[in-house]
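Q:
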Amino acid sequence: MLQITLPEYFVQVNNRLPEEAGRVLNALTEHGGMNKEELSLTSKVKRAVLDHVIMQLYALGLINVNTEGKSKICSLTGLGMDFLTIEANNDIEGLG
Numbered sequence: 001m002l003q004i005t006l007p008e009y010f011v012q013v014n015n016r017l018p019e020e021a022g023r024v025l026n027a028l029t030e031h032g033g034m035n036k037e038e039l040s041l042t043s044k045v046k047r048a049v050l051d052h053v054i055m056q057l058y059a060l061g062l063i064n065v066n067t068e069g070k071s072k073i074c075s076l077t078g079l080g081m082d083f084l085t086i087e088a089n090n091d092i093e094g095l096g
C-alpha cells in the first residue's frame, strides 16, 4: 500500500488540476459560498470550463456543491482550506 503525506498528496492533486482551479478556490476563500454564475464572474472562469473544474474539485473533496432552490451553491470544504493553507505556505508550487 502506497503511503504519502497530505502535502505530498496535494502536490499530486495540484499537478492534475487545470490553472482555473486555483482561481475558483481563491474566489471561494475570499468571498465564501456562491452560485455558479457568481463564481464564474468572480473567478473569471468561463462557465463551460467552470462546470468541469467544479466537478474535479468536488470529486477531490475540496469543495461542496449544495442545492438551494434552483441554484447550486459551491463552498470550500475543510480539506479545500487545508489545500490552500499548504499552498500559501509554499509547499505546493504553481497554484493560483
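Numbering-wise, UniProt numbering puts 82 at position 82 of the sequence shown, and it's gapless, one number per residue. Even for Gly, the Cβ is constructed at its ideal location relative to N, Cα and C.
Which two residues bound the contiguous alpha helix (DSSP H) that contains Thr29?
A: Taking the first residue of the sequence shown as position 1, residue 29 is located at position 29. Element bounds for Thr29: 20-31.
Q: Reducing DSSP to helix, strand and coil, say where Lys72 ends up.
A: By 1-based counting over the sequence shown, the position of residue 72 is 72. Note: Lys72 maps to strand in three-state DSSP.
Q: Are Lys79 and Leu57 touching if we call contact CB-CB under 8 angstroms?
A: Stepping through the sequence shown from its first residue, residue 79 is reached at position 79. Stepping through the sequence shown from its first residue, residue 57 is reached at position 57. With the sequence shown as reference, residue 79 is identified as Leu, and Lys is not the correct amino acid for it. No. Outside cutoff.
Q: Would you say Ser43 and Val24 are within 8 angstroms of each other, going by their C-beta atoms?
A: Within the sequence shown, the letter at position 43 stands for residue 43. Within the sequence shown, the letter at position 24 stands for residue 24. A contact, by the Cβ cut-off of 8 angstroms.
Q: Identify whether Met1 lies in helix, strand or coil by the three-state DSSP scheme.
A: Here residue 1 refers to the residue found at position 1 when the sequence shown is read from its first residue. Met1: coil per DSSP, three-state reduction.
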